[in-house]
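Undergrad: There's a structure below that I have some questions on.
In the numbering used here, the protein residues as written are 3 to 265.
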């Protein structure tokens with residue numbers, strides 16, 4: 003049974019018009035709502051853009067958010083579109099559990115687009131296996147449904163979010179307490195956490211160079227993100243009549259936890 007899903011990631015951006023155009027070219031549909039741009043895949047909001055006039059600073063926050071498409075054919079459609087329209091790509095990976103392509107938006111926010119292999123193929127030698135291998139680009143392109151990608155398909159969701167944090171141990175403990183997450187995989191200076199046996203809903207790392215500051219509101223980068231918990235899990239964790247909890251993690255990253263899933 004699914005007990006956790008991600009909602010929208012909110013970003014602070016300097017140029018609302020340019021960023022909307024970029025994400026619409028990527029394959030989302032933008033709508034102006036209450037002074038913000040909400041970007042949808044079909045009828046599901048994945049991203050919300052808030053305009054800010056502050057200058058980006060060296061602080062923790064978003065490493066990338068990850069858009070998950072339903073099938074390898076859908077992934078091939080997107081990859082063909084990205085190549086055909088010369089969307090700048092920063093990397094490709096076969097993670098064993100998934101195949102992924104990486105991009106960076108015009109203001110430096112990381113993006114992953116991926117599809118999951120069937121869950122029964124995620125195990126190796128009796129344990130969840132994740133890797134960073136060369137992706138079969140030709141195989142992905144040959145799996146595409148057509149050459150006419152317009153928008154991300156129905157059932158596209160945010161699959162996970164990956165954060166830069168200040169303290170990996172403190173952040174890990176925090177998200178275990180607020181979401182009941184389990185550690186799924188270790189990587190140098192990083193950890194991957196989930197519910198329901200998924201490979202990861204939230205990842206965290208210490209990969210920023212130098213001495214990054216804690217996250218502050220209104221600066222470019224992540225503003226906040228939203229998660230949804232199955233009602234019985236929410237009730238067991240929070241024991242409150244409120245249908246929404248607002249948290250700040252040890253790096254001062256803001257997020258909301260809602261009772262029940264998006265319809």
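Every residue, glycine too, gets a C-beta built ideally from N, C-alpha and C.
Could you give the distance in angstroms between the alpha-carbon of residue 234 and the alpha-carbon of residue 87?
TA: 45 Å
Undergrad: In the structure shown, what three-state DSSP assignment does residue 178 receive?
TA: helix
Undergrad: Identify which residue in 175, 206 and 162 has its Cα closest to the Cα of residue 9.
TA: Closest by alpha carbon: 162.
Undergrad: For the candidate residues 4, 62, 34 and 28, whose alpha-carbon lies nearest to that of residue 169?
TA: 62
Undergrad: Taking the Cβ atom as the reference point for each residue, do residue 99 and residue 119 lie within a distance shorter than 8 Å?
TA: yes
Undergrad: Measure the alpha-carbon distance for residue 48 versus residue 203 and round it to whole angstroms.
TA: So the two alpha carbons sit approximately 15 Å from each other.
Undergrad: What whole-angstrom Cβ distance do residue 195 and residue 184 have, given they're in contact under 8 Å?
TA: 7 Å
Undergrad: DSSP three-state call for residue 94: helix, strand or coil?
TA: strand
Undergrad: Residue 6 and residue 198 - do their beta-carbons sit closer together than 8 Å?
TA: Residue 198 is a Cβ neighbour of residue 6, given a cutoff of 8 Å.
Undergrad: Could you check which residue in 121, 23 and 221 has the C-alpha nearest to that of residue 73?
TA: 121
Undergrad: Just confirm the distance between the C-beta atoms of residue 111 and residue 64, as a whole number of angstroms; I'd bet it's less than 8 Å.
TA: 6 Å
Undergrad: On a CA-only basis, which of 91, 95, 44 and 208 is nearest residue 164? Give me that one, please.
TA: 208
Undergrad: With DSSP run on the structure shown, which of helix, strand or coil describes residue 99?
TA: coil
Undergrad: Measuring straight from C-alpha to C-alpha, what distance separates residue 53 and residue 33?
TA: Looking at the backbone, the Cα of residue 53 and that of residue 33 are separated by about 14 Å.
Undergrad: Provide the residue span of the alpha helix (DSSP H) that contains residue 140, from first to last.
TA: 139-144
Undergrad: If we ignore side chains and look at the alpha-carbon of each, how far apart do residue 258 and residue 231 end up?
TA: 11 Å
Undergrad: Out of 35, 23 and 115, point me to the one whose CA is closest to residue 77's CA.
TA: 115
Undergrad: Would you call the CB atoms of residue 222 and residue 172 closer than 8 Å?
TA: Not closer than 8 Å, so no.
Undergrad: Does the distance from the C-beta atom of residue 290 to that of residue 82 stay below 8 Å?
TA: The structure shown does not extend to residue 290, since the chain spans only 3 to 265, so no value can be given for it.
Undergrad: With DSSP collapsed to three states, give me the class of residue 20.
TA: helix
Undergrad: Under the rule that 16 or more other beta-carbon atoms within 10 Å means buried, what is residue 261, buried or exposed?
TA: Buried.
Undergrad: Which residue from 156, 94 and 154 puts its Cα closest to that of residue 133?
TA: 94
Undergrad: If you follow the alpha helix (DSSP H) that residue 47 is part of, which residue opens it and which one closes it?
TA: Run containing residue 47: none in the alpha helix (DSSP H); it sits in the beta strand (DSSP E), 46-53.
Undergrad: Would you please state the rounded distance, in angstroms, between the beta carbons of residue 255 and residue 154? I believe it to be under 8 Å.
TA: Contact doesn't hold; Cβ gap of about 26 Å is too wide.
Undergrad: Excluding five sequence neighbours on each side, which residues of the same chain lie with their C-beta closer than 8 Å to the C-beta of residue 192?
TA: 170, 205, 206, 207, 208 and 209
Undergrad: With DSSP as the reference, identify every bridge partner of residue 106, one or two as the case may be.
TA: 112
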